[in-house]
Amino acid sequence: MRMLLVNAGPIAHMASGVPIRGHITDESEYIHKAGLGILVNDYIIERIDQTEALLAEFSDAEIVDLEGRAVIPGLVDSHTHLLWAGDRSREITWKQSGLSYKEIADRGGGISATVMPTRESSNEALAKLGLNRMAKSLRNGTTHLEVKSGYGLDTQSELRLLSVAESIAKVEGMPSLDLTWLGAHAAPPELSLDAYVEVLLSEQLPKITEQGYARSADVFCEPGWFSVEQSEEILKQSRKNGLDLRMHIDEFTDGGGGDLASELKVQTADHAHYSNDNARHAMNDSGVNTAFLPGTPYTMGDKFPPFDYCLENEILWSIASDFNPNCQTLSLPFIGSILVQRNDISPISALAACTVNSAATTPHPSGLAHGSIVEGSIANLNVLDSPWLESWCLKPGHSPFKATILEGQMIYH
Ligand code: NIG
Ligand code: FE
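All letters in the sequence shown, in the order written, are residues 104 to 516 by this note's numbering.
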């Protein structure tokens, strides 16, 4: 059955074939003017053309009148910690009394405070949490998410998190998932960091590889967590085992993770908040994507990373939610608002960072293009409740969307 969307407002197709670098100065390159229609055949975008032409040719399709509403691609959230249990809300008081993230971790908060409740949760409970979160994400226009393990921190629990993620990835009507093993997130409460690195290399990674659900490996490379040397060993071994590589770097301080990211040519180096300029350029020169996660400095009360410098210098970049117990947003429109309404980035440049650019690091399981609206790509799109494309990131706290088309299925919000 074909579905024909007619009378679209402006369509931010974002099609360029490659990630978009720098401030977008000529918006017309990435936007179709109002008046077009989009023909969806099953789960694929079959044609984009003038409304009248499509209506004449495909009068038997199910017709949906968009009444001039603007359209953007399904959003791609390329960095989430989707699966965990527990609640760390009380940490806000510690934060407000002046404790740093590291000090909170050292007194029993932080990542390890999420590990015990996660280990104690049943598969069913974790799947339910995951599905609820995916539904929130979809309500906010996300059609595909990268999902990391990392709150099990022993081999059995890490395997279990990935297997729960794999099972919810198959649920119809929910965003698709791309799975990442983040066993190297922190040392578990029962082991020293050195002993845990040994477990990661000799036991956990081989079992994760054998399980086969994770496409990528990630490491929290940060002074106080995994050193550059430990990260290098884990990442090199992961690559040998066929995993793609991602990193958390320089979240709180410039710890040298950027140099390792460029040396290893990892797919994406995320946070990159305090990276020095040389490391930023080295990463860019070696094709490493920088993913900014501004929800984290927002929840930490920190300043924001230098988006403008990176755009001025045409550094390869994306943005993502970093959804985790310390940063509980699954809304990319809210992340967009931080860039646009707090950091003077244009709405269309911010949109590139969580569509075509994030899709480049986070492939769709169908193998089809996503993050852009082109013929032959997966039919993942969002209809804004506005004739203006800019509205995608101007409603923090609310979803700006009227509807989402997920793999060809219309979902009215
Ligand atoms: O990306 N920094 C490491 N991991 C998460 C936070 C984890 C947590 O606080 O539970 C992040 O920000
Ligand atoms: Fe993270």
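For glycine and all other residues, C-beta sits at the position ideal for the given N, C-alpha and C.
Q: Would you kindly check if the distance between the Cβ of residue 470 and the Cβ of residue 117 is under 8 Å?
A: Walking along the sequence shown from the start, residue 117 turns up at place 14. Walking along the sequence shown from the start, residue 470 turns up at place 367. Cβ atoms of residue 117 and residue 470: not closer than 8 Å.
**Q.** For residue 532: DSSP bridge partner residues
**A.** Lying outside 104 to 516, the shown extent of the chain, residue 532 is not represented and no answer is given.
Q: Measure the Cβ-Cβ separation of residue 424 and residue 404 and say whether it is below 8 Å.
A: As a working note, residue 424 is residue 321 in the sequence shown. As a working note, residue 404 is residue 301 in the sequence shown. In this structure, residue 404 does not lie closer than 8 Å to residue 424 by Cβ.
Q) DSSP beta-bridge partners for residue 140? A) The residue given as residue 140 occupies position 37 in the sequence shown. Answer is 152.
Q: Compute every distance between the C-beta of residue 427 and the non-hydrogen atoms of the ligand FE, then say whether any falls below 7 Å.
A: For this step, residue 427 is matched to residue 324 along the sequence shown. Indeed, a heavy atom of the ligand FE lies less than 7 Å from the Cβ.
Q.
If the criterion is Cβ atoms closer than 8 Å, does the pair residue 362 and residue 394 meet it?
A. Residue 362 sits at position 259 when you count from the first residue of the sequence shown. Residue 394 sits at position 291 when you count from the first residue of the sequence shown. No; because the gap between Cβ atoms is not below 8 Å, this pair is not in contact.
Q. For residue 548, which residues from the same chain have a beta carbon less than 7 Å from its beta carbon, with the 5 sequence-adjacent residues on both sides left out?
A. A query on residue 548 cannot be resolved here, the shown segment of the chain reaching from 104 to 516 and no further.
Q | Rounded straight-line distance, which links the Cα of residue 305 to that of residue 285 | A | Position 182 of the sequence shown holds residue 285. Position 202 of the sequence shown holds residue 305. Approximately 15 Å between the Cα atoms of the pair.
Q) Ordered along the chain, which non-local residues of its own chain (more than five positions away) have a Cβ less than 7 Å from that of residue 353? A) For the purposes of this step, residue 353 is identified with residue 250 of the sequence shown, where counting begins at 1. Result list for residue 353: 360, 361, 374, 375, 376, 377 and 378, in chain order.
Q. With contact counted as at least three CB pairs below 8 Å, one residue from each stretch, are the stretch 495-515 and the stretch 219-229 in contact?
A. no
**Q.** Host beta strand (DSSP E) of residue 349 (start-end)
**A.** In the sequence shown, counting from the first residue as 1, residue 349 sits at position 246. Residues 347-352.
Q: Would you mind sorting residue 196 into buried or exposed? The rule is 16 or more other CB atoms within 10 Å of its CB.
A: For the purposes of this step, residue 196 is taken as residue 93 along the sequence shown, with counting starting at 1. That one is exposed.
Q. DSSP on residue 360, reduced to helix/strand/coil?
A. One-based indexing of the sequence shown puts residue 360 at position 257. Residue 360: helix per DSSP, three-state reduction.
Q.
Out of 111, 106, 134 and 110, which one is the CA nearest neighbour of residue 455?
A. For this step, residue 455 is matched to residue 352 along the sequence shown. Residue 455 has its Cα closest to that of 134, out of 111, 106, 134 and 110.
**Q.** Segment contact flag, the stretch 242-253 with the stretch 431-438, C-beta cutoff 8 Å, min 3 pairs
**A.** yes
Q) Once you ignore the five residues that flank residue 188 on each side, which residues in its own chain have a CB closer than 6 Å to its CB? A) On the sequence shown, residue 188 is found 85 positions in, with the first residue counted as 1. The residues are 220, 221 and 224.
(Q) Starting from residue 413, trace the alpha helix (DSSP H) in both directions and tell me its first and last residue. (A) As a first step, residue 413 must be located in the sequence shown, where it is residue number 310. Looking at the DSSP string, the run of the alpha helix (DSSP H) that includes residue 413 is 410-415.
(Q) Does the contact criterion of 3 or more C-beta pairs under 8 Å hold for the stretch 299-313 versus the stretch 324-340? (A) yes
**Q.** Integer Cβ distance of residue 276 from residue 483, believed to fall under 8 Å
**A.** Within the sequence shown, the letter at position 173 stands for residue 276. Within the sequence shown, the letter at position 380 stands for residue 483. Not a contact, Cβ separation roughly 13 Å.
Q) Who pairs with residue 127 in a beta bridge, going by DSSP? A) Taking the sequence shown and counting its residues from 1, the one referred to as residue 127 is at position 24. Its beta-bridge partners do not exist; DSSP assigns none.
Q) Rounded to whole angstroms, how far is the Cβ of residue 288 from the Cβ of residue 325, which I believe are closer than 8 Å? A) Within the sequence shown, numbered from 1, the residue matching residue 288 stands at position 185. Within the sequence shown, numbered from 1, the residue matching residue 325 stands at position 222. So it is not a contact: roughly 11 Å between Cβ atoms.
Q | the ligand NIG heavy atom lying under 7 Å from the CB of residue 196 | A | If you number the sequence shown from 1, residue 196 lands on position 93. Result no, Cβ not under 7 Å from the ligand NIG.
Q. Near residue 493, which residues of its chain fall below 7 Å by C-beta distance, leaving aside the five closest residues on each side in sequence?
A. Locating residue 493 in the sequence shown gives position 390, where the first residue counts as 1. 450, listed in sequence order.
Q. Are the beta-carbon atoms belonging to residue 429 and residue 402 less than 8 Å from one another?
A. Taking the sequence shown and counting its residues from 1, one reaches residue 429 at position 326. Taking the sequence shown and counting its residues from 1, one reaches residue 402 at position 299. Against a cut-off of 8 Å, the Cβ pair of residue 402 and residue 429 comes out as a contact.
Q.
Given 7 Å as the limit, tell me if residue 182 has its C-beta closer than that to any heavy atom belonging to the ligand FE.
A. Counting from one through the sequence shown, the residue named residue 182 turns up at place 79. Yes - the ligand FE has a heavy atom lying nearer than 7 Å to the Cβ of residue 182.
**Q.** Span of the beta strand (DSSP E) around residue 247
**A.** Counted from its first residue, the sequence shown places residue 247 at position 144. Counting along the chain, the beta strand (DSSP E) containing residue 247 begins and ends at 245-251.
Q. Which partner residues of residue 392 appear in the DSSP bridge assignment?
A. Locating residue 392 in the sequence shown gives position 289, where the first residue counts as 1. DSSP output for residue 392 lists 371 as bridge partner(s).
**Q.** Reference residue 334; option with closest CA among 151, 372 and 314
**A.** Here residue 334 refers to the residue found at position 231 when the sequence shown is read from its first residue. When only C-alpha atoms are compared, the closest one is 372.
Q | At least three beta-carbon pairs within less than 8 Å, the stretch 225-242 to the stretch 262-269 | A | yes
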